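Below is one structure; the comments refer to it alone.
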Amino acid sequence: MADSSHFNKSSNPPAEQPPTSTVSYRRVYSYHYDKLNSFDLEWTSLQEFDIWRQTEENHHCIEFNLKETRYPEKPVPQKPEPAWLWRHIYVCSREGGGGKSKYVKQHPERERKKDNKRMENGCPCKLSIKAYPGMQSILGQYCTEHSHEIGSENVKFTRIPTEAREFIAQMLRMKVDPNQINIKLKTLYGGVFSDLLKLLELKDKPQHNQFITLADIRHIEVGIEAETVRLAPIEDSGLSVDMGIG
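The working numbering numbers the first residue of the sequence shown as 452 and each following residue consecutively.
This is the structure:
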């Protein structure tokens with residue numbers, strides 16, 4: 452009589468062993484490790500991520516700032532290559548940083564015309580993405596929580612769109628008075644900075660164009676003046692240069 456235990460034991464095939472190429476699954480901080488441990492977003496390329504990020508910013512009326520880029524330790528002999536290439540860490544533009552400001556107001560009794568962009572206690576929203584050797588795919592983890600209102604109420608804290616900034620700069624270079632530019636912008640975009648209630652009446656999502664102030668225009672003007680001074684030839688600056696010749 453055959454030994455049944457031996458028959459059953461030999462009839463079951465041995466458990467399949469993972470091929471050596473899947474060793475990366477077990478490497479800490481590798482693509483497969485991160486995908487199983489909180490990096491639940493994926494893009495096919497960095498370009499696709501940039502498109503997604505811009506869409507996310509526009510949809511929620513927020514902005515991400517690149518806070519830092521981290522790199523793995525440099526490889527050493529007889530140790531495996533790093534499991535990742537780099538990691539970008541973005542934070543909400545209203546996160547703030549650098550600790551409490553040391554600036555002392557000279558006229559504390561005066562009220563600010565615009566709210567402070569940076570939150571006193573920061574904002575927890577954070578977006579991290581990672582790249583890996585030999586791969587185009589990008590993985591990411593995203594904390595969507597904010598310590599402030601997003602959407603329409605946050606538009607005024609976002610950057611001035613490029614087309615509006617270029618329009619302002621062009622007008623300033625044509626020597627148009629900043630007050631006249633401000634009036635023109637309100638005609639073009641329908642400024643509603645002083646009346647947030649009008650946001651409820653807008654069919655389309657508001658943009659920062661509607662919140663541009665005279666202070667914003669003058670800030671661009673200062674930048675243009677500084678650029679003009681920096682690029683001005685020495686002979687036009689009124690300075691006498693002694694070359695020490697003769």
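No residue lacks a Cβ here, since even glycine has one placed at the ideal position from N, Cα and C.
Since the model is a prediction, treat every value here as computed from it, not as a measurement.
C-alpha gap between E493 and S579, whole angstroms: On the sequence shown, position 42 is the one that residue 493 refers to. On the sequence shown, position 128 is the one that residue 579 refers to. So the two alpha carbons sit approximately 11 Å from each other.
Could you tell me the alpha carbon to alpha carbon distance between T520 and K577, rounded to whole angstroms? Here residue 520 corresponds to residue number 69 of the sequence shown, with the count starting at 1. Here residue 577 corresponds to residue number 126 of the sequence shown, with the count starting at 1. Distance between the alpha carbons of T520 and K577: 13 Å.
Contact set for P443: own chain, Cβ-Cβ below 8 Å, skip 5 residues either direction: Since the displayed the chain opens at 452 and closes at 697, residue 443 lies outside it and no answer follows.
DSSP on R624, reduced to helix/strand/coil? Here residue 624 corresponds to residue number 173 of the sequence shown, with the count starting at 1. Three-state DSSP puts R624 in a helix.
Hey, would you say K486 sits closer than 8 Å to L590, going by beta carbons? Locating residue 486 in the sequence shown gives position 35, counting from the first residue. Locating residue 590 in the sequence shown gives position 139, counting from the first residue. A contact, by the Cβ cut-off of 8 Å.
For S598 versus N567, is the C-beta spacing smaller than 8 Å? Locating residue 598 in the sequence shown gives position 147, where the first residue counts as 1. Locating residue 567 in the sequence shown gives position 116, where the first residue counts as 1. Their beta carbons are not under 8 Å apart, which means S598 does not touch N567 by this criterion.
So, helix, strand or coil for W537, using DSSP? Numbered from its first residue, the sequence shown carries residue 537 at position 86. W537 falls in the strand class under three-state DSSP.
Pull up the distance between the alpha-carbon of Q631 and that of I663, whole angstroms please. Translated into positions along the sequence shown, residue 631 becomes position 180. Translated into positions along the sequence shown, residue 663 becomes position 212. Using only the alpha carbons, I get a separation of about 13 Å.
If you count every other CB in all the chains shown that lies within 10 Å of the CB of C594, and 16 or more means buried, which is it? Taking the first residue of the sequence shown as position 1, residue 594 is located at position 143. Looking at its Cβ environment, which holds fewer than 16 other Cβ atoms inside 10 Å, C594 is exposed.
Is L497 buried or exposed, if buried means 16 or more other CB atoms sit within 10 Å of its CB? The residue given as residue 497 occupies position 46 in the sequence shown. With fewer than 16 Cβ atoms within 10 Å of its Cβ, L497 is classed as exposed.
Limits of the alpha helix (DSSP H) - the one that Q498 falls within: In the sequence shown, the residue the question calls residue 498 occupies position 47. Its alpha helix (DSSP H) spans residues L497 to H511.
Endpoints, the alpha helix (DSSP H) within which K581 is located: Residue numbering aside, residue 581 sits at position 130 when the sequence shown is read from its first letter. It is not in any alpha helix (DSSP H) - K581 instead sits in the beta strand (DSSP E) that spans K577 to A582.
Length of the line joining the Cα atoms of C543 and M570: Counting from one through the sequence shown, the residue named residue 543 turns up at place 92. Counting from one through the sequence shown, the residue named residue 570 turns up at place 119. Their backbone Cα atoms lie some 10 Å apart in a straight line.
Starting from Y522, trace the beta strand (DSSP E) both ways and give me its first and last residue. Numbered from its first residue, the sequence shown carries residue 522 at position 71. Run containing Y522: none; DSSP gives neither H nor E here.
With DSSP as the reference, label Y480 as helix, strand or coil. On the sequence shown, position 29 is the one that residue 480 refers to. Looking at Y480 - three-state DSSP - the assignment turns out to be coil, as it is neither helix nor strand.
Using the C-alpha atoms, what's the distance from T609 back to Q547? As a working note, residue 547 is residue 96 in the sequence shown. As a working note, residue 609 is residue 158 in the sequence shown. Sequence check: residue 547 is Gly here, not Gln. Between G547 and T609, the C-alpha separation is close to 14 Å.
For F490, which three-state DSSP category applies? Here the question's residue 490 lines up with position 39 in the sequence shown. Looking at F490 - three-state DSSP - the assignment turns out to be coil, as it is neither helix nor strand.
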